[in-house]
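Visitor: Okay, handing you the structure first.
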Amino acid sequence: MKWLIENWYLVVAGVVCCVGVVYGCRVFMNKPTNEQVANIKEWLRWAVMEAERELQGGTGQAKLRKVYDMAIAKFPWLSFIAFDKFSIWVDDALVWMKEQLKVNENIKAYVEGK
C-alpha cells in the first residue's frame, strides 16, 4: 500500500496509456471500408444537389459546410475522416453534378427549383 501511495503517478500514467491504446484501436477498427466510402460518395451526390438547390450559386464555402454538416449528422463516424479528404469527395460530387446539369433536364429543373 505504501508503494501505491508513493508511486500513484505511475498508476495514473499506466491507466492513461491503456485508455489511449484502447481508444486508438477503436478508432482504427471504425475506419470506413471501401464499400462504406463508395456509399458515402454516392450519398454526397444527393447532398451536393440539395445544397446547390437551397443555396444556389456563389456560396461555395457555405455549401461545403452545409454538406459537411448533413454528412456528419447522417454518418457520425465521418468526423474521423480528415476534412481535406472529405472536401475532395465533395469536389468529385460537384463535378458529377455539373455534368448532370448539362445532360439531364430533370436534375437541372430540380436543382433550379422549377
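In the working numbering, the protein residues as written are 113 to 226. Idealized CB from N, CA, C, for every residue including glycine.
1) Which class does ALA150 belong to by DSSP, given the choice of helix, strand or coil?
2) Tell me whether MET113 sits in a helix, a strand or coil according to DSSP, three-state version.
3) With 16 as the cutoff for other CB atoms within 10 Å, does MET113 come out buried or exposed?
4) Any idea what DSSP makes of GLY169, helix, strand or coil?
5) Measure the beta-carbon distance from LEU176 to SER199 and round it to whole angstroms, keeping in mind my assumption that it falls under 8 Å.
Guide: Reading it off the structure:
1) Here DSSP, grouped into helix, strand and coil, assigns ALA150 to helix.
2) In this structure, MET113 counts as coil in the three-state DSSP scheme.
3) With fewer than 16 Cβ atoms within 10 Å of its Cβ, MET113 is classed as exposed.
4) GLY169 sits in coil when the DSSP states are folded into three classes, being neither helix nor strand.
5) Taking C-beta atoms under 8 Å as the contact rule, LEU176 and SER199 qualify, at a distance of about 7 Å.
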